[in-house]
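In our numbering, the protein residues as written are 33 to 435.
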Amino acid sequence: METRQLSSADLIRLAETYSAHNYHPLPVVLSRGEGVWVWDVEGKKFMDMLSSYSALNQGHLHPAIIKAASEQMGKLTLTSRAFHNDRFGAFCELICKVAGQESVLLMNAGAEAVETAVKAARKWGYKVKGVPADKAEIIVCRNNFHGRTTTIVGFSSEDQYRDGFGPFAAGFKMIPYDDIEALRNAITPNTVAFLVEPIQGEAGIIVPADGYLKQASEILKANNVLLMLDEIQTGLGRTGKLFCYEYEGVKPDILIVGKALGGGVFPVSAMLSGKEVMDVFTPGDHGSTFGGNPLACAIGIAALNVIVDEDLPRKAEETGRYFMGKLARIESPHIKEIRGKGLLVGVEMKESSGTARPFCEHLMELGILAKETHHQVIRFAPPLVISKSEIDWALERIAKVLR
Ligand SMILES: *Cc1c(COP(=O)(O)O)cnc(C)c1O
Numbered sequence: 033m034e035t036r037q038l039s040s041a042d043l044i045r046l047a048e049t050y051s052a053h054n055y056h057p058l059p060v061v062l063s064r065g066e067g068v069w070v071w072d073v074e075g076k077k078f079m080d081m082l083s084s085y086s087a088l089n090q091g092h093l094h095p096a097i098i099k100a101a102s103e104q105m106g107k108l109t110l111t112s113r114a115f116h117n118d119r120f121g122a123f124c125e126l127i128c129k130v131a132g133q134e135s136v137l138l139m140n141a142g143a144e145a146v147e148t149a150v151k152a153a154r155k156w157g158y159k160v161k162g163v164p165a166d167k168a169e170i171i172v173c174r175n176n177f178h179g180r181t182t183t184i185v186g187f188s189s190e191d192q193y194r195d196g197f198g199p200f201a202a203g204f205k206m207i208p209y210d211d212i213e214a215l216r217n218a219i220t221p222n223t224v225a226f227l228v229e230p231i232q233g234e235a236g237i238i239v240p241a242d243g244y245l246k247q248a249s250e251i252l253k254a255n256n257v258l259l260m261l262d263e264i265q266t267g268l269g270r271t272g273k274l275f276c277y278e279y280e281g282v283k284p285d286i287l288i289v290g291k292a293l294g295g296g297v298f299p300v301s302a303m304l305s306g307k308e309v310m311d312v313f314t315p316g317d318h319g320s321t322f323g324g325n326p327l328a329c330a331i332g333i334a335a336l337n338v339i340v341d342e343d344l345p346r347k348a349e350e351t352g353r354y355f356m357g358k359l360a361r362i363e364s365p366h367i368k369e370i371r372g373k374g375l376l377v378g379v380e381m382k383e384s385s386g387t388a389r390p391f392c393e394h395l396m397e398l399g400i401l402a403k404e405t406h407h408q409v410i411r412f413a414p415p416l417v418i419s420k421s422e423i424d425w426a427l428e429r430i431a432k433v434l435r
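Following this line, the structure appears as structure tokens:
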């Protein structure tokens, strides 16, 4: 078919006619991006303060990432893991060194890396810990978000994520988030892992008490249970550290990353761990046709290098502190609470002011793209490359909407 120059309204109509209705997007149709900015098909400019749920920490079209992707696209893009490719080893080494882990298993979407971690923890439980066959238990938290596969939604506490999709996999035990006693009480001899987000993103930027992960880590260690951290959203600089767990001085036994690992270009995810866990996998146990493909590896290398070379964690820490400080000074009758770390910031609106959605729609009219999460919370998570003057530009408009 020829490409037609269609208006935003036409394009939205097409999407609504032919696409599954599994999302409720803001009514804006984007066709170009650069850094923190995106443009719609009519040429109107917006600031992207969602960053595709933290998959764009490096900003749109980061030149180094686009260059690496374009060069690789001219050479080799896919081999499958039936053969080696010349970018794979280098990416595996880089991500292990950056994350301080011994071994990595590359996947594509975040949910696949979570599934990989679930499989690794269970098999470790049977082969190393000595849990009886099919008895492995994994502890998860209420209001978690780990993805959308049937196994993962099976241990969600969100009714809508589950409704109509059962029956679900067994072997998961749910406890309240940020509750050390509940964790202690939930552990049995068959517990293999505790799967947790250092900050619950989709739940509305829920930041646990200082020391939560530290205490959890000690209890787990004492019981020979793996700490399995989902840093898909919080990792790679977003919260002001390369990984959010660094605030607590803990080290995960299994680390799950995704989103910004693909530099805003391509889905790249990974499960990392020590050899004791990773070596439970033998050829044929697990796999992915696209996982670890040369294009993904080239992009992943560039994506990680940008985060490290441009010191994006420190930038996020500084800019985030400035942003939250200014937000707190906005006099608004609607704000219940402002919380977050680095550039992962949630503004919770009072129930009496209605849901966050109309505030997001108003922000959009003023040129800021942000999205509500969990009805009452506006999430602000701009690319980490955002400058102070760009933050000021946003604050001016945010203040207008929140007053
Ligand atoms: C986005 C996200 C996932 C799922 O990643 P997908 O790439 O959408 O499958 C899992 N965990 C967390 C914490 C996330 O934010």
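All C-beta atoms in this analysis are idealised placements derived from N, C-alpha and C, irrespective of residue type, glycine included.
Starting from residue i, trace the beta strand (DSSP E) in both directions and tell me its first and last residue.
i	result
Arg411	409–412
Leu62	62–66
Glu308	Looking at the DSSP string, Glu308 is not in any beta strand (DSSP E); the run it does join, the alpha helix (DSSP H), is 307–310.
Val377	376–381
Lys159	Taken as a continuous stretch (DSSP letters only), Lys159 belongs to no beta strand (DSSP E), as it is neither H nor E.
Glu404	403–405
Ser135	135–139
Gly386	Element bounds for Gly386: n/a, residue is neither H nor E.
Gly372	367–373
In the DSSP assignment, find the alpha helix (DSSP H) that holds residue i and state where it starts and stops.
i	result
Met396	389–397
Ser358	The question names Ser, but residue 358 is Lys in the sequence shown. Segment 344–360, the alpha helix (DSSP H) holding Lys358.
Leu252	244–254
Val172	Element bounds for Val172: not the alpha helix (DSSP H) but the beta strand (DSSP E), 169–173.
Gly332	326–341
Ser421	420–434
Thr148	142–156
Please return the same chain residues whose Cβ sits closer than 8 Å to the Cβ of residue i, not counting the five positions on each side in sequence.
i	result
Ile212	Tyr244, Gln247, Ala248, Ile251
Trp425	Met79
Ala360	Ile370
Ile286	Ala149, Ala152, Ala153, Ala225, Leu258, Leu259, Met260, Leu261, Met303, Leu304, Ser305, Val309
Ser39	Val73, Glu74
Lys107	Pro326
Tyr193	Arg180, Val185
For residue i, which residues of its own chain have a beta-carbon under 7 Å away from its beta-carbon, when the five flanking residues on both sides are left out?
i	result
Asn89	Ser83, Leu268, Gly269, Arg270, Ala292, Ile339, Leu344, Pro415, Leu416
Gly142	Gly179, Ile264, Gly290, Lys291, Ser301
Val433	Phe391, His394, Leu395, Leu398
Tyr85	Gln265, Lys291
Pro284	Leu259, Met260, Leu261, Tyr277
Tyr209	Cys173, Arg174, Asn175, Gln232, Ile238, Pro240
Thr405	Glu234, Gly236, Arg411
Ala87	Lys291, Ala292, Gly294, Gly296
Ala168	Arg154, Gly157, Tyr158, Gly203, Asn222, Val224
Asn256	Lys161
What whole-angstrom Cβ distance do residue i and residue j have, given they're in contact under 8 Å?
i	j	result
Gly294	Gly332	7 Å
Ile170	Val146	At roughly 11 Å, the Cβ-Cβ gap does not stay under 8 Å, so Ile170 and Val146 are not in contact.
Ala152	Ser320	Actually they do not touch by this definition, with Cβ atoms about 14 Å apart.
Gly281	Asn140	Not a contact, Cβ separation roughly 31 Å.
Leu43	Val73	7 Å
His92	Val70	6 Å
Ala402	Arg389	Not a contact, Cβ separation roughly 11 Å.
Met381	Ile362	About 13 Å; that fails the 8 Å criterion.
Met81	Ala431	Going by Cβ atoms, the distance from Met81 to Ala431 rounds to 14 Å, so no, they are not a contact pair.
Ala334	Ala96	5 Å
Using a Cβ-Cβ cutoff of less than 6 Å, which residues in the same chain neighbour residue i once the five nearest sequence positions on both sides are dropped?
i	result
Arg429	Leu398, Ile400
Leu110	Asn325
Gly162	none
Glu383	none
Lys2	Past the boundaries of the shown model lies residue 2; the chain is included only from 33 to 435, so the question cannot be answered.
Ala214	Ile207, Pro208
Asn117	Thr111, Pro326
Item to check | Three or more C-beta pairs below 8 Å linking the stretch 221–231 and the stretch 147–163 | outcome: yes
Checklist entry - Can you find at least 3 beta carbon pairs, one from the stretch 273–290 and one from the stretch 131–149, that sit closer than 8 Å? => result yes
Checklist entry - Is the stretch 369–380 in contact with the stretch 231–241, if contact means three or more CB pairs nearer than 8 Å? => result yes
Next on the checklist: List, from N- to C-terminal side, the alpha helix (DSSP H) runs of 4 residues or more that fit wholly inside the stretch 181–243.
Outcome noted: 182–186, 191–194, 212–218
Item to check | Stretch-stretch touch, CB-based, cutoff 8 Å, three pairs: the stretch 299–314 with the stretch 346–365 | outcome: no
Checklist entry - Taking only runs of the beta strand (DSSP E) that begin and end inside the stretch 39–126, which ones reach a length of at least 3 residues, in chain order? => result 62–66, 69–72, 77–80
Next on the checklist: Taking 8 Å as the cut-off, does the stretch 166–184 touch the stretch 227–236 (at least 3 CB pairs, one atom from each stretch)?
Outcome noted: Result yes; three or more Cβ-Cβ pairs closer than 8 Å.
Checklist entry - Between the stretch 96–107 and the stretch 323–331, are three or more C-beta pairs nearer than 8 Å? => result yes
Item to check | Runs of alpha helix (DSSP H) lying entirely within the stretch 254–326, each at least 4 residues, in chain order | outcome: 307–310
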